[in-house]
Amino acid sequence: MKSRKAVFVNPSRITTGSAFVMPAAQATLAGAVPGSLDIELDVVDEAIERFDPMLINAGDIVCVSALTNNVREAYRVARQAKERGATTVLGGPHPTLLPSEAIRYGADAVVRGDGDTIIGRVLEDCITGRIPVCRVYQDPSGQPFRVSGEQMAYPRLDLMKMDRYVAASLRSAQGCREHCSFCTVPVISGHAVRDRSVEVVAREVRELYRRKIRFVIWGADNLVQYPRSLVESARPAERAVFEAERERSLKFFRRFGELTGDERVWGFAQLTLRLHDDPEMLRALSHDGAICAALFGIESVDPAALKRMAKQWNGTRDEIVEKVRRIQHGGIHVLGSMIVGLPTDTPETMEAMRKFAVESGMSVAQFPIYEVLPGSPDYAQAKRELAERKASAQNLPIYSRETQVPRVRLLRDEYWLESDTSPHLEHPHLSIAEIRKQGQKSWRYFYRLRFLFGNGIRYRWPVRRTAVYALVCKAFATFYGGAVGLSADSVRVGNASFMMRKLMAAAAWGMRKIPPPSRVSCVATGDDKQVAALNTQAS
Ligand code: B12
Ligand code: SF4
């Protein structure tokens, strides 16, 4: 029995008992704690069990992770822990961006960025009472810690209640080379890509398999950053580097296929449409990586919107339709993510977008509502405008003076701290109620049974496969349709109904029965000839 414990908490507003995704941070941080420390380790994921302050004793250390979307719950856990005499440490994307807020809300210490290499020292400082006066741990350069692939800790999966999850989050790479204006990844993780070695990722997948997990979410925002289209459009000086990066990705997945063999599991990833002309990479992903579906950030089909968010590279509406088709033909189901309520949106653009979603043939779609998250360029601009407006005490135009590009107005800052759901954004053309209505309309329009069964016919799937697809789609739209889209339980805000809790538990149980993916069973088009051809090549 050790003298004190460190508890790693994933806070959540609602607790269902079972959850969709096992988060990676808590097991990873526990895995990074040096064995030489005299400390017991525990994990609490509030999506499946409540944090119980009565189990915390004075001198224990409570380490809480926070996203912007669940930060209020993180502060609640920190408060409860402090009331029991514990030392509290906060980390994760939100405290990385706003460390002083976390301190204001009860953190004894904050870690900015990756905790892998620093958590041991932080715990030691908590034990010996040597927490630095500023209470913030960060890289000496003032940036968040960004560890290399080799420094990323191997997670303590033995601390997780695996049988409660449908899928597990698998840390693979961090950082993204792009600059989308609504995204926080470049600030949190940087533009340089840092990835774990294939040997370690494969080892983790094999352990997950043995622990009966059959589905993983690859934890990278943009899993393949240098597909062929990017190599070909590169400037001469960059071309060799891009080419080498592409080769590295190909080798990674091929080796991954070899190393995992019969202990592979189905995968879901986040990819870009840039992959459309790279069948070799698509094959490596679906065939060797067993990635059967992925989220593609389509965001909008309105050229003005794509330009505004620095994502013109997605292409025009017709080009996107063609890219979706090619990617699905290459073996990966497309989950197209389209943002509702962008500053350029009107009822017409949103109508056009849902029609596009159906006509594009994508297998799954989501329609998250536009948000300005701290750390994103959009938030920085909205915050600046809010300050200018306050200073000038007059209503500045809602169109940027320089570019005449429409933008949203932030009505008040720190909206994430409020329980109040009244709008914190003002849209140039639409009320927030109208945006929500349009969002709901899009979810309903896409997930009509008639359309889902039509997809099954179009792909020439057998009836059973079509029925499973329709069921999964309906469940997805029921669980995650609404404000956010694909999400994990810790940021859900609605109450979990009895039915929902049972369904999640059934899905977690059912997932464990699924056999491992055969090399090519994940081809998205359902084209038997293509499957047969790939099988022949594979053998
Ligand atoms: C995989 C992923 C998902 C998966 C799985 C999520 C899960 N729960 O595991 C899915 C697709 C389901 C998902 C959903 C969502 N995601 Co997500 N996701 C990611 C992604 C790509 C990787 C996360 C990951 O597993 N990393 C590996 C682990 C080991 O790293 P980590 O969690 O960051 O933890 C490290 C450090 O942060 C730190 N740390 C973390 N906690 C603590 C605590 C302490 C005490 C200390 C010391 C250190 C510390 O140390 C850890 C080890 O180094 C990140 C982007 C990124 N590059 O981080 C976005 C990201 C976290 N997601 C984000 C968002 C917004 C969401 C959603 C809200 C989206 C939505 N609209 O529904 C939901 C919420 C889900 C949730 N509750 O987690 C944002 C968060 C932004 C913010 N400001 O909060 C990110 C950063 C992406 C972005 N576009 O900006 N996501
Ligand atoms: S939205 Fe995706 S592609 Fe764009 S910067 Fe963020 S992680 Fe990269």
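With the first letter of the sequence shown counted as 1, position 254 gets the number 238 in my numbering; the numbers rise by one all the way through.
All C-beta atoms, glycine included, are put in the ideal place defined by N, C-alpha and C.
For clarity, every value in this text was computed on a predicted model and none was experimentally measured.
For Gly1, which three-state DSSP category applies?
Counted from its first residue, the sequence shown places residue 1 at position 17. In the structure shown, Gly1 sits in coil (DSSP, three-state: anything other than H, G, I, E or B).
Reducing DSSP to helix, strand and coil, say where Val477 ends up.
To locate residue 477, count along the sequence shown from 1; it is residue 493. Reliability fails at Val477, whose pLDDT of 48 lies under 50, so the model's placement of it is uncertain and the value that follows must be treated cautiously. If DSSP states are grouped into helix, strand and coil, Val477 belongs with coil.
Here's the rule: buried if 16 or more other CB atoms are within 10 angstroms of the residue's CB, otherwise exposed. What is Asp246?
To locate residue 246, count along the sequence shown from 1; it is residue 262. Asp246 comes out exposed.
For Asp92 and Ile111, believed in contact at Cβ under 8 Å, the rounded distance
Indexing the sequence shown from 1 puts residue 111 at position 127. Indexing the sequence shown from 1 puts residue 92 at position 108. So it is not a contact: roughly 12 Å between Cβ atoms.
Residues sharing a beta bridge with Asp302, DSSP:
Here residue 302 is taken as the residue at index 318 of the sequence shown, counted from 1. None; Asp302 has no bridge partner.
Please name the residue, chosen from Val200, Arg119 and Asn41, that lies closest to Ala274 on a Cα-to-Cα basis.
On the sequence shown, position 290 is the one that residue 274 refers to. Considering only alpha carbons, the answer is Val200.
Proximity test, Ala62 beta-carbon vs ligand 1 heavy atom, cut-off 7 Å:
For the purposes of this step, residue 62 is taken as residue 78 along the sequence shown, with counting starting at 1. No, Cβ of Ala62 sits at least 7 Å from all heavy atoms of ligand 1.
Which residues does DSSP pair with Leu409 in a beta bridge?
If you number the sequence shown from 1, residue 409 lands on position 425. Per DSSP, Leu394.
Limits of the unbroken alpha helix (DSSP H) element including Glu183:
Within the sequence shown, residue 183 is the residue found at index 199, counting from 1. Val182 to Arg194 is the extent of the alpha helix (DSSP H) around Glu183.
Can you find a heavy atom of ligand 2 that lies under 7 Å from the Cβ of Pro211?
Translated into positions along the sequence shown, residue 211 becomes position 227. Incorrect: Pro211 has no Cβ contact closer than 7 Å to ligand 2.
By Cβ distance, which residues of its chain are closer than 6 Å to Val(-7), with the 5 residues on each side in sequence left out?
Working through the sequence shown from its first residue, we reach residue -7 at position 9. For Val(-7), where only same-chain residues beyond five positions count, the Cβ hits under 6 Å are Val28, Phe35, Val48 and Val61.
Return yes when the C-beta of Ala8 is under 7 Å from any heavy atom of ligand 1, and no when it is not.
Numbered from its first residue, the sequence shown carries residue 8 at position 24. Yes, since a heavy atom of ligand 1 falls inside the 7 Å radius drawn around the Cβ of Ala8.
Per DSSP, which one or two residues make a beta bridge with Leu524?
One cannot answer for residue 524 here, as it falls past the ends of the chain, which runs -15 to 523.
Rounded to whole angstroms, what's the CA-CA distance from Arg368 to Leu357? Just pull it up for me.
Sequence index remark: in the sequence shown, residue 368 carries index 384 (1-based). Sequence index remark: in the sequence shown, residue 357 carries index 373 (1-based). Rounded to whole angstroms, Arg368 to Leu357 spans 14 Å at the Cα level.
With Pro283 as the anchor, note down where its beta strand (DSSP E) starts and where it stops.
Here residue 283 refers to the residue found at position 299 when the sequence shown is read from its first residue. Pro is not the amino acid found at residue 283; the sequence shown has Glu there. It spans Ile275 to Glu283 - the beta strand (DSSP E) in which Glu283 sits, taken as one unbroken run.
May I ask whether a heavy atom of ligand 1 can be found less than 7 Å away from the beta carbon of Pro116?
For this step, residue 116 is matched to residue 132 along the sequence shown. No.
Exposed or buried, Thr300, counting other C-beta atoms within 10 Å across all chains shown (16 or more means buried)?
In the sequence shown, residue 300 corresponds to position 316, counting from 1. Exposed, because fewer than 16 other Cβ atoms sit within 10 Å of the Cβ of Thr300.
Quick check on the burial criterion: 16 or more other C-beta atoms within 10 angstroms. Buried or exposed for Val182?
Reading the sequence shown from its first residue, position 198 is the one you call residue 182. When all chains shown are included, Val182 counts as buried.
Please specify which runs of the alpha helix (DSSP H), each continuous and at least 4 residues long, are wholly inside the stretch 106 to 176, giving them in chain order.
169 to 173
Can you tell me whether DSSP reads Trp445 as helix, strand or coil?
As a position in the sequence shown, residue 445 is number 461, starting the count at 1. If DSSP states are grouped into helix, strand and coil, Trp445 belongs with coil.
Under 8 Å, with one C-beta from each stretch per pair, do the stretch 309 to 324 and the stretch 267 to 286 reach the 3-pair mark?
yes
Could you tell me the distance, in whole angstroms, from the CA atom of Leu74 to the CA atom of Ala157?
As a first step, residue 74 is located in the sequence shown; it is residue number 90 there, counting from the start. As a first step, residue 157 is located in the sequence shown; it is residue number 173 there, counting from the start. Roughly 22 Å between the two C-alpha positions.
Could you tell me the alpha carbon to alpha carbon distance between Ile498 and Met322, rounded to whole angstroms?
By 1-based counting over the sequence shown, the position of residue 498 is 514. By 1-based counting over the sequence shown, the position of residue 322 is 338. The alpha-carbon atoms of Ile498 and Met322 are separated by roughly 30 Å.
So, under 8 Å CB-CB, Tyr429 and Cys457 are touching, yes? Tell me the CB distance rounded to an integer number of Å.
As a position in the sequence shown, residue 429 is number 445, starting the count at 1. As a position in the sequence shown, residue 457 is number 473, starting the count at 1. Not really, about 13 Å apart at Cβ, beyond 8 Å.
At which residues does the alpha helix (DSSP H) containing Val46 begin and terminate?
What you label residue 46 is simply residue 62 of the sequence shown in a count that begins at 1. First-last for Val46: Ile45 to Ser49, but that is the beta strand (DSSP E), not the alpha helix (DSSP H).
By the 10 Å Cβ neighbour count, where 16 or more other Cβ atoms means buried, how is Asp100 classified, buried or exposed?
For this step, residue 100 is matched to residue 116 along the sequence shown. Per the 10 Å Cβ criterion, buried.
What would DSSP say about Thr71, mapped onto helix, strand or coil?
Taking the first residue of the sequence shown as 1, we reach residue 71 at position 87. Looking at Thr71 - three-state DSSP - the assignment turns out to be strand.
DSSP has Trp202 in a bridge; who is on the other side?
Looking up residue 202 in the sequence shown gives position 218. Partner(s): Leu154.
Compute the beta-carbon to beta-carbon distance between Pro139 and Ala224, rounded to the nearest angstrom, for a pair I have assumed lies under 8 Å.
Mapped onto the sequence shown, residue 139 falls at position 155. Mapped onto the sequence shown, residue 224 falls at position 240. Pro139 to Ala224, Cβ: 35 Å. No contact.
Where Trp400 falls, given that 16 or more other Cβ within 10 Å makes a residue buried:
Taking the first residue of the sequence shown as 1, we reach residue 400 at position 416. It is buried - the Cβ of Trp400 has at least 16 other Cβ atoms within 10 Å.
Use the C-beta contact count for Ala65: other C-beta atoms within 10 angstroms, 16 or more gives buried, fewer gives exposed.
One-based indexing of the sequence shown puts residue 65 at position 81. Buried, since its Cβ has 16 or more Cβ neighbours within 10 Å.
Ligand 1 and Pro412: does any heavy atom of the ligand fall closer than 7 Å to the residue's C-beta?
Here residue 412 corresponds to residue number 428 of the sequence shown, with the count starting at 1. It does not: the Cβ of Pro412 is nowhere closer than 7 Å to a heavy atom of ligand 1.
Classification of Thr244 by the beta-carbon crowding that lies within 10 angstroms, buried from 16 upward
As a position in the sequence shown, residue 244 is number 260, starting the count at 1. By the neighbour-count rule (16 or more Cβ atoms within 10 Å), Thr244 is buried.
Are there any heavy atoms of ligand 1 lying less than 7 Å away from the beta-carbon of Leu13, as far as the coordinates show?
On the sequence shown, residue 13 is found 29 positions in, with the first residue counted as 1. Because some heavy atom of ligand 1 lies under 7 Å away, the Cβ of Leu13 counts as near it: yes.
Using the C-alpha atoms, what's the distance from Val305 back to Asp98?
If you number the sequence shown from 1, residue 98 lands on position 114. If you number the sequence shown from 1, residue 305 lands on position 321. Distance between the alpha carbons of Asp98 and Val305: 37 Å.
Where Gln350 falls: helix, strand or coil (DSSP):
Sequence index remark: in the sequence shown, residue 350 carries index 366 (1-based). Gln350: strand per DSSP, three-state reduction.
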